[in-house]
Amino acid sequence: MIPIVPASASVPVDSKQLWLKPGQISLPGSPPLSLYVHVPWCVRKCPYCDFNSHAAPGADNHEIPEDLYLDALRADLEQSLPLVWGRPVHTVFIGGGTPSLLSAAGMDRLLSDIRALLPLDADAEITMEANPGTFEAEKFASYRASGINRLSIGIQSFNDRHLQALGRIHGGTEARRAIDIAQASFDNINLDLMYALPGQTLQECQADVETALGYGTTHLSLYHLTLEPNTLFAKFPPALPDDDTAYEMQDWIEARTAAAGYRHYETSAYARPHREARHNLNYWRFGDYLGIGAGAHGKLSFPQRVLRQMRHKHPATYMAQAMAGNAVQEARDVGADELPFEFMLNALRLTDGVPASSFQDYTGLPLHTISKQLAEAEKKGLLEADLTTIRPTELGRRFLNDLQEMFLKD
Ligand code: SF4
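Counted from 1, the sequence shown has number 364 at position 364 by UniProt numbering; the numbering is strictly sequential.
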């Protein structure tokens, strides 16, 4: 899961000196800290995908330069330590790409390195993304033994025709097999599914969701397929269901998942009680995260500033630069005028919203900075705000983009 980061940010800074410089804000403390680790390879690139993922370079498209990449991740983490010194890490997310291309021994080494270098909470949530087509029972049992305690599986659909249209490497049978293998070792599993797929009917969407519900996993992420810029689908757009059908799918999904005991707690996320994704919740609440690996983004807070970082994007460049001590390609100090939008962009995705006090705690700005926009959004029926909570209404959740944009700087 890639965090939601606005397209533009402000002044580039020298992150090595950052914590020494005075800033425009005053943070009372540090937000909770998570770690994101990016693995940038997949067996094949999907035509709708705008993540930093590259076809694996090996002859059978399963071989990745694992040892070299793990060396680079360790070097990257070591270089980052001064920025997070002494702060406990509550969650780890190993995402991609397809992290399940890593061998069992490689994953074990990665987790050992993380534990050796960072103070991981004893009950830390440690999630790994995995894609059908890379599942072997023994390897997944070993991932669990190494400390991965949550799996997020990129199923997308169980329908062969739709999987083919999405350019996925697996079919429906393989998707089912992957879940069976996962459930033999893991009890905390998310299934990623997409709807409004090329040529998909409401009934086909319902069949996919019913199949997913049948597994009784702790979490479902149900995404509306969107055509992202710079993807093959953007260049050669497939025929998608019209807006009315997509709304019907969304309404049916909300009712059906609720009846099955899942709570729709974020725009695309549905969880059984107390099984929300803790790592993603930290993003949406504007917590901190250190991001290591090719193209990984990070957000880190200091007493007088909020810093965003991005690592070198291409895997080969990243590996070379990380080993030379320069994993970070870009570091930007987020301006005080951009923090309200950054905070609200994330917080408004949450059905329950956020505590009002967290605005000041995590942006270092007084709540009255956004009182005009809050009042305006309340008047339009998009938001509810009181002394304790800022929360989108049902209308606000439906017109989320409009609501978020109200907090853009003038
Ligand atoms: S498997 Fe996931 S990360 Fe990899 S190319 Fe496909 S959508 Fe992108």
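All residues carry an ideal CB built from backbone N, CA and C; glycine is no exception.
C-alpha gap between residue i and residue j, whole angstroms
{"i": "S8", "j": "F341", "result": "Caution is warranted here: a pLDDT of 48 is assigned to S8, below 50, making its placement in the model unreliable, and the coordinate value is therefore given only provisionally. When rounded, the distance between both Cα atoms is 11 Å."}
{"i": "E204", "j": "T245", "result": "12 Å"}
{"i": "L348", "j": "P392", "result": "6 Å"}
{"i": "L197", "j": "A324", "result": "43 Å"}
{"i": "S10", "j": "Q200", "result": "The predicted model places S10 with a pLDDT of 47, which falls under 50 and marks its position as unreliable, so this point remains unresolved."}
{"i": "M128", "j": "T91", "result": "11 Å"}
{"i": "Q321", "j": "G295", "result": "12 Å"}
{"i": "E266", "j": "N188", "result": "18 Å"}
{"i": "R272", "j": "R144", "result": "21 Å"}
{"i": "A137", "j": "K45", "result": "24 Å"}
{"i": "G293", "j": "L387", "result": "40 Å"}
{"i": "Q156", "j": "H368", "result": "42 Å"}
{"i": "F186", "j": "L151", "result": "7 Å"}
{"i": "R168", "j": "Y36", "result": "25 Å"}
{"i": "A377", "j": "A116", "result": "47 Å"}
{"i": "P12", "j": "R332", "result": "Here P12 scores only 49 on pLDDT, less than 50, and its place in the model is too uncertain to base an answer on."}
{"i": "A385", "j": "L374", "result": "7 Å"}
{"i": "R176", "j": "P241", "result": "25 Å"}
{"i": "I179", "j": "R87", "result": "35 Å"}
{"i": "A327", "j": "M344", "result": "29 Å"}
{"i": "K380", "j": "S371", "result": "14 Å"}
{"i": "D410", "j": "T317", "result": "38 Å"}
{"i": "C42", "j": "I94", "result": "14 Å"}
{"i": "S146", "j": "L111", "result": "7 Å"}
Contact test: residue i Cβ vs ligand 1 heavy atom, cutoff 7 Å
{"i": "T98", "result": "yes"}
{"i": "G293", "result": "no"}
{"i": "S53", "result": "yes"}
{"i": "N280", "result": "no"}
{"i": "C42", "result": "yes"}
{"i": "C205", "result": "no"}
{"i": "H326", "result": "First, the residue type needs correcting, since residue 326 is Asn and not His in the sequence shown. Not so, every heavy atom of ligand 1 lies at least 7 Å from the Cβ."}
{"i": "residue 414", "result": "Absent from the structure is residue 414, since the part of the chain shown begins at 1 and ends at 410."}
{"i": "G171", "result": "no"}
{"i": "G154", "result": "yes"}
{"i": "K380", "result": "no"}
{"i": "K45", "result": "yes"}
Bounding residues of the beta strand (DSSP E) (the contiguous stretch that carries residue i)
{"i": "Y48", "result": "Premise fails: Y48 is in no beta strand (DSSP E) and is neither H nor E."}
{"i": "H219", "result": "H219 to H224"}
{"i": "M310", "result": "R305 to R311"}
{"i": "E330", "result": "V328 to D333"}
{"i": "A385", "result": "L383 to A385"}
{"i": "L300", "result": "H297 to F302"}
Strand pairing of residue i, partner residues [DSSP]
{"i": "residue 420", "result": "This structure gives no information on residue 420, because the portion of the chain shown stretches from 1 to 410."}
{"i": "T91", "result": "S34 and E125"}
{"i": "residue 424", "result": "Outside the shown range of the chain, which is 1 to 410, sits residue 424, and nothing can be said about it."}
{"i": "G154", "result": "D192"}
{"i": "D67", "result": "None; D67 has no bridge partner."}
{"i": "V288", "result": "Note on identity: in this sequence residue 288 is Asp, with Val being the wrong assignment. Answer is L33, bridged to D288."}
{"i": "W41", "result": "H54"}
{"i": "residue 411", "result": "For the chain, the structure presents residues 1 to 410; residue 411 sits outside this window and is missing."}
{"i": "A130", "result": "I153"}
{"i": "L120", "result": "V89"}
Where the alpha helix (DSSP H) through residue i begins and ends
{"i": "Y362", "result": "S357 to T363"}
{"i": "A324", "result": "Per DSSP, A324 belongs to no alpha helix (DSSP H) and is neither H nor E."}
{"i": "F233", "result": "L232 to K235"}
{"i": "H162", "result": "D160 to A165"}
{"i": "R115", "result": "A104 to L117"}
{"i": "Y173", "result": "Checking the sequence, you will find Thr at residue 173 rather than Tyr. Unbroken alpha helix (DSSP H) run through T173: G172 to S185."}
{"i": "P340", "result": "L339 to A347"}
{"i": "S142", "result": "A137 to S146"}
{"i": "G214", "result": "L202 to G214"}
{"i": "A375", "result": "S371 to K379"}
{"i": "Q24", "result": "From DSSP, Q24 is part of no alpha helix (DSSP H); its letter is neither H nor E."}
{"i": "residue 430", "result": "Not covered by the structure: residue 430. The range shown for the chain is 1 to 410."}
beta-carbon residue i near ligand 2 non-hydrogen atom, thresh 7 Å
{"i": "A137", "result": "Ligand 2 is absent from the structure shown, which contains only ligand 1."}
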